[in-house]
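So the structure is just underneath, and the comments pick up after that.
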Amino acid sequence: MNSHTLTRLRYTYLPDHLIGEILSKRWIDNAIPVLTLALIIAVFGSVIGNFFTLGSIGNISQQVAELGLLTLALTIVMLSGGIDLSIGSIFGLAVLATLICMNALGLSVGVALLAALATGMLCGLINGLLIGYLRLRAFLTTLVMLIILRSVYEIVFLNFATRIVSGMPQSKLWDYLAFGKIYGIPAALFITLAIALVLHVILSRARHGWHITAVGGARRSAYNAGINVRRTICAAYVWSGGLAALAGFIYAARLGSAGADTGAGLEITALTAAVLGGISLGGGRGSVAKALIGTISVAALSSGLVRLGVPGPMNSLILGTVLILAVFVDVRWMKNKQKILNTVYMSPAYVVMPKAAETAVGSGSPYAVNDKLREVDAIGLGILEGPEDCVLDRDDNLYCGTRHGDVMKFHGPDHKTWELFAHVGGHPLGIQMDRDNNIVTCVGGMGLYMITPQREVVKLTDETNRSAFSIIDDSQLKIADDLDITDDGRVYFSEATIRYNIANWPMDALESRGNGRIVCYDMNTKKTHTELKNLVFPNGVCIAQDQQSFYFAESWGCRLSRYWFDGPKKGTLQVVIDNLPGYPDNINRSSDGHYWFTLMGMRTPSLDLALRMPGFRRRMARQIAVDEWLFPNINNGCVLKFNEKGEILDALWDLGGQNHPMITSIREHKGNLYLGGISNNRIGRYKIPGADPNWCALDARWGKS
Amino acid sequence: MKLSSIAGGLAALVLAVCASGATFAQEKGMDNPRRGPYIDQLKGKRVVFVPLAMGFDLTEAWAAVLKKQAAKLGYTFDIRDPNWNADAGARAIQDVITEGADVLVTHNPDIQSYGRLLQQAEAAGIKVIQLNMETTTQTDAYIGADWVEIGEAGGRALVDRCSPGKGISNKIAIIQGIPTGAADVYQMRGLWNVLDAHPEIEVVSQQAGSYDPSKARSIMATIIQQHPDLCGSFGIWDSQEAGAGSALQEAGKADQVFSVTSGGGNETACENLKKGLFDMLISYNAPLQGEVAAAKVAELLESKDAAGTRKTTFFTPLTTITADNANGFNCWSLDDLK
Amino acid sequence: MRTMRLTQEGVVFLIALVLFVGFAITLTDFVSPGNLMTLLRSVAILGILGLGMGLVVVGRGIDLSMVAVMVVAVSWAIVIGQTEIGFATGILAGLIFCILTGLVVGVLVAYAEVPAIFTTLAMGSIVYGIGRSLFFTLDVQNVPPGNEWFAFLGRGTILGIPMAIIAFGIVAAVLHLVLRKTRFGRFIYASGDNPQAARIAGLPYRPLLVTQYVVSSCIAYVAGLVMAASVSGMNTRIFNSTMIYDVLLVVVLGGIGLAGGRGGVRNVIVGTLLVGVLLNGMTIMNISLTYQNLIKSVILLMAILIDTLLNPRDEQTSQQGDI
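If you're matching them up, the sequences are chains V, S and H in order.
Each position in the first sequence, counted from 1, maps to that position plus 1 in the working numbering.
Each position in the second sequence, counted from 1, maps to that position plus 2 in the working numbering.
Each position in the third sequence, counted from 1, maps to that position plus 876 in the working numbering.
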């Protein structure tokens, strides 16, 4: 076993690409709060003997029930980009309102609940009007509200104190709220959990919740996107007031009394819980789950400290330290997460490339360099940016996509004039025309789209079935690349990679793992499924003449393959050419029954060597800036023609790279070859010597209309 | 003075008798047959104390006495300090119910918050002693001051000083602590029992100081500006009233205003009396309360009765202290208890 | 002032003036020298704390640990003073404690990049916890007898002016000079106005931050000493009160924006005066303390509201995460 074998085994079977994928998940933000919670539970569980008994858990749950509602109140406001320091005072007022109704006035539980909620929401509304509509600063305003409401509390409390303590409400429901238990867990916790569930749905699934998060995440963008920022913020404070009041109601039921300091300082406890749960100050980042995790941590911590007999002041010392640590970790995490992710996400594989075919002049190789493309005409020079592919209709009009998210139409036959055909919104890559003259195109970052002759843009699909064990969400289409359509309306299209988005596609070359796939969309059933997986940057797709198979190119694999989707050989995968000297891109039919394909760039010995040295590529990714990395050459290439036996029949080069430097696609139409290039500013037109001047690809494919 | 001289004489007598006996025979006494079992059955029992907060004279004194007894008799004594937070206290009691204990000693923040919890504790077999601040729920024992009596005594003293013709005016101010606490609720009843009978006394202000001297100080500073002719002041607790007293001293009105308050009789209170921060302290002698509570704890630990079988109340004795008798037994120091 | 743009400081000053004139006309005794002294004296300690807070806020920070530091450091000084070590040494120990606390806060804010609001909020609890668990057990510490010079700090007068007011004046004058005339002061304005620019311009941004918190700790200590001297003791339960919020409100009320880089000593004085006039007037009007708190805070809210209406923020200019 030599070192190469070791390297191969290590980079083939050790799934270290998963580390980066795990780090890129949104839920990884929960990792630190969850670990903190686990640590707290582990420490107290080992120090305190009966920490895990049902009764003990019941006691913690009781605290979670009340503190949880307060933390949720704060969470909603923090999500909206504000802060609510007045929740402690609102809590106190709600306790008072409840007790006045129950103890002093002898009203029913329902009325007391309504009174408490009305009190809380009214206070929240005042906060909301001031901060949302009048745009006062949240921190100061709620700070002043804290003092105002506390003064109100003291005034009302002094007047009702004796009547509150002398009344004894007789109500089964009231007692049940206080001491009712379901399987040893306080009933109050179930109320809180039910509310948490509702809030979770609202915050993660409903328009209102999205608005709150959007306003908190980027207030200006939310405003520009037409969200009523003021109303949303106001609503967040009303929520907060209502939830704090509900917590007060449960507290009142449990203790049946109030003291001078009821609710004082709770805002700090709730803030600690929220931050410990990973909800960031400044908005937009947080969830109900995080709020609950933070709450449980704080409840377990403070309960554990009381159980250990730690004196009160020591308690505040420990809670203070925990708060600082939590914020510290949160700040560091936010600051460095992206950095870490950037360095570990790229995970190179061990690849040994076959020896590249010869291209030298005079070598006799079919790939030999020539200068046939020197006299290519340019279409749309200076108008187009990034036409990856193009297609021509029966009236010789040429359609191509641009980097700006448009599909342009150049009027035939001379293609001098043009118009914007349709705006898609994403960069259209591969483009085809179906039997009914609809343009079907793979839009990078968006999925598979169709543009009707009436210029209507229709989304065909943007997701496929999710694989069972993938960590990153591979159901979403990241880079749909090229497509072809079968006679019965199935669209086979390639997705180059599932690990990188459209902006970072060259990085996939450094991995060369096989992150791509070929997906099938059926126009009849409108269903999508993944047909082939683990391909090395699959690119061009072209249905073969037999209508039972397609050819496809794997760019970083430098090979052409053929796959049978129908007929007797269904499911067979066959490599057609495996030693290309460059990176193959789109494939299309030629008028003589063979196939055109392009090389978008040429292999270099240095990169071929680097592919056998994954450790080298990993060090490169970690230690030097992206623009210093060793990337594949995608500056020049050529057009090739092959037959079904895998023989190269023709090669067209632009030797100096002056006229048409980069080619990603070809399209033969009426004796001309049209050339697209993803980083070009033109479409090239090459007159093919001896080609059938009347051959129209659409007619050949779908029959004369 | 008298007491100590009698005690001294007795001790001398006993010593003399013993000494004379010793010369005749080596008498070594006998084992007390009740002592062993008594101490054994208390071993390993658990007593938990949930005060309002530690860190002030009353709770420190009680805890010191109880701790000493626990060390002597071999039961464990835990303190759960909620640091003035009624909610934390409630959770501490809930934890005690969960963990189990033999006797729970509580010092309640108000007359209701812990009430139902204490019932639950008794239902769970934990005997409950309420110390000085009771709830409306009666448990195995209440040991503490008779607040109504304190209120009445304070009221009478104020009426005595501020009746027409006696003081500078008829105006008095009341500074409560936490209006839902037993000390407030019952003291106010006692005070108003007297004041209702004396309508000539004018109460110009009744506010709550939350047991906080600095708050009492701001309240009194305000009152004395508004009523420069104030005659009397009633404070719920000496520690808080010291703040009000310093406000009076700053305003130069300490001699004019007669302040009445009550407290545990710590030496600090005596010093404050001497400094003139207040003029009359009705002391419920915290160490004495601690001793009574300790006796009750021992009794309950020994008793085979179920929790809540017999409910007793014991009002500890009160002493009126002024600058004249602020000394000796009336003024204890925490260091002596420990 | 050349443009007639009304700043918050101006608004507050106007309100204070209107109240003052109103009280002077309607209330007897309001303008008597005795009452004016009482007025100033009652807010002097708040004012001193406000100066410390003002400095930090100008540097775009906030120090919510001031009251805790003040309470614990002074209490420790007194506790040491009660032993044979002596009160003078105790005061020195308290000062060292303040400097250390300031350093810890500063390092956490400047180097660990923990937001100031969380650092100081938590440091308040930590400092109080340390004090109560390690330095003293009782809530109230009394100054040991026989330190007349210390009592003079609190209760003495010079030329009929109480020492508390003089202390406020001295701290204000020194801080004013430091902020306006020294390089350190100008750097604080620069770093508070635009931290990124300050760093790029080569200011020692992080050491500046640390210094700021050390200074505010020390000013809190001065306030604590004056307070302890005037009541011959320190009640540690002030930590649990809303005093720190009052301090913050004096600062903000005077017009030092929380966004940093604006305002100065004059703003703190104006804010303190408004609170003083307000409290004193209400006291003479026979309003009880709880109602005074209510009215005071409602007026504070009005001041913030007026400021916002005069200097509105809108969706395009307000900063993200600026609360």
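Ideal Cβ placement from N, Cα and C applies to all residues, glycine included.
So what's Ala379/V in DSSP terms, helix, strand or just coil? Reduced to three states, the DSSP call for Ala379/V is strand.
For Ala175/S: DSSP bridge partner residues: Ser207/S and Ser235/S
Checklist entry - chain V partners of Glu989/H, CB-CB under 7 Å? => result Val332
Taking 8 Å as the CB-CB limit, is Ser941/H close to chain S? no
*Using only alpha-carbon positions, find the residue among Pro289/S, Trp239/S, Pro166/S and Gln242/S that is nearest to Leu232/S.*
Nearest of Pro289/S, Trp239/S, Pro166/S and Gln242/S to Leu232/S, Cα basis: Pro166/S.
| said: Tell me which residue opens and which closes the alpha helix (DSSP H) that Cys559/V is part of. | reply: Counting along the chain, Cys559/V sits inside no alpha helix (DSSP H), nor does DSSP assign it H or E at all.
**Inter-residue CB distance, Gln1072/H and Gly982/H (contact presumed, cutoff 8 Å)** = Not quite, the Cβ-Cβ distance comes to about 19 Å (not below 8 Å), so this is no contact.
Closer than 7 Å by C-beta to Thr879/H: which residues in its own chain qualify, once you throw out the five before and the five after it? Chain order, please. Note on Thr879/H: pLDDT 47, under 50, position unreliable in the model; the coordinate value appears next. Correct list: empty, nothing qualifies.
Original post:
Any C-beta of chain S sitting closer than 8 Å to the C-beta of Pro16/V?
Top reply: no
* Asked: Buried or exposed: where does Ala249/S fall if 16 or more other Cβ atoms within 10 Å of its Cβ makes it buried?
  -> buried
Using a Cβ cut-off of 8 Å (strictly closer), state whether Ser476/V contacts chain S. no
Leu207/S touches chain V at which residues, Cβ-Cβ below 7 Å?
Sequence check: residue 207/S is Ser here, not Leu. Under the 7 Å cutoff, chain V gives no residues; its nearest Cβ is about 12 Å from Ser207/S.
For chain H, find out if any of its Cβ atoms is closer than 8 Å to the Cβ of Ile221/S; answer yes or no. yes
message: With a threshold of 8 Å on Cβ separation, who are the neighbours of Val98/S within its own chain once the five nearest residues in sequence on each side are excluded?
response: Exclusion of the five residues before and after Val98/S leaves Val50, Val52, Arg82, Leu106, Ala123 and Ile128 as the residues of its chain whose Cβ lies within less than 8 Å of its Cβ.
| query | Which residues share a DSSP beta bridge with Gln433/V? | reply | Val441/V
### Message
Within 8 Å of any Cβ in chain H, is that where the Cβ of Val307/V sits?
### Response
Output row for Val307/V: interface = no.
C-alpha gap between Ala308/S and Asp112/S, whole angstroms: 26 Å
Worksheet item: What are the start and end residues of each continuous alpha helix (DSSP H) run of 4 or more residues lying completely inside the segment 1066-1147 of chain H, in chain order?
Response: 1071-1076, 1081-1107 and 1119-1129
_Proximal residues of chain H, C-beta to C-beta of Leu322/V below 8 Å_ = Just to set this straight, residue 322/V is Thr in the shown sequence, not Leu. Under the 8 Å cutoff, chain H gives Ala998 and Ile1002.
Exercise for the section: Say whether chain V places a C-beta atom closer than 8 Å to the C-beta of Tyr1097/H. Expected result: By this cut-off, Tyr1097/H is not an interface position.
Practice task
Return the chain-ordered list of same chain residues with a C-beta closer than 8 Å to the C-beta of Pro34/V, the five sequence neighbours on each side being excluded.
Solution key: Leu277, Gly278, Gly279, Lys291, Ile294, Gly295 and Ser298
(Q) Against Val166/V, what residues of chain S qualify as contacts under a CB-to-CB distance less than 8 Å, listed in chain order? (A) Asp112, Ile113, Gln114, Thr138, Thr182 and Val187
Applying the 10 Å Cβ sphere with the 16-neighbour rule, what's the burial state of Trp1025/H? exposed
_Looking at the strands, I want to know which residues DSSP matches up with Trp419/V._
According to DSSP, Trp419/V bridges with Phe411/V.
With burial defined as no fewer than 16 other Cβ atoms inside 10 Å of the residue's Cβ, what is the status of Ser207/S: buried or exposed? buried
Residues from the segment 233-259 of chain S in contact with chain H, defined by Cβ distance under 8 Å = Cβ contacts with chain H come from Ser241, Ala244, Gly245, Ser248 and Glu252.
(Q) Could you give the first and the last residue of the continuous beta strand (DSSP E) run that contains Tyr675/V? (A) It spans Asn673 to Gly677 - the beta strand (DSSP E) in which Tyr675/V sits, taken as one unbroken run.
Requested in this report: Taking only beta carbons into account, state which residues of the segment 324-355 of chain V come closer than 7 Å to chain H, listed in chain order.
Outcome: Leu324, Ile325, Val328, Phe329 and Val332
Does DSSP put Cys333/S in a helix, a strand or coil?
coil
Work out the CA separation of Leu1124/H and Met1158/H for me, nearest whole Å.
-> 21 Å
6 Å Cβ shell around Ser918/H - same chain, five flanking residues per side excluded
If the five residues before and after Ser918/H are omitted, its C-beta is found closer than 6 Å to no C-beta atom of its own chain.
- Message: Just to make sure I have the definition right: I need the residues of chain S whose C-beta is within less than 9 Å of the C-beta of Leu178/V. Which are they?
- Response: Under the 9 Å cutoff, chain S gives no residues; its nearest Cβ is about 12 Å from Leu178/V.
### Query
Any idea if Val362/V is buried or exposed, counting beta-carbon neighbours within 10 angstroms, 16 or more meaning buried?
Classification for Val362/V: exposed.
**OP:** Could you run through the segment 451-482 of chain V and flag, in chain order, every residue whose CB is less than 8 Å away from some CB of chain H?
**Re:** So nothing in the stretch comes that close.
- Task: Under 8 Å Cβ to Cβ from Asp1122/H, same chain only, skipping five residues before and after it: list those, please.
- Result: Leu922 and Val1151
**Item:** Proximity test, Cβ basis, 8 Å: Ser1064/H and chain V
**Value:** A quick correction: the sequence has Ile, not Ser, at residue 1064/H. No, no contact with chain V.
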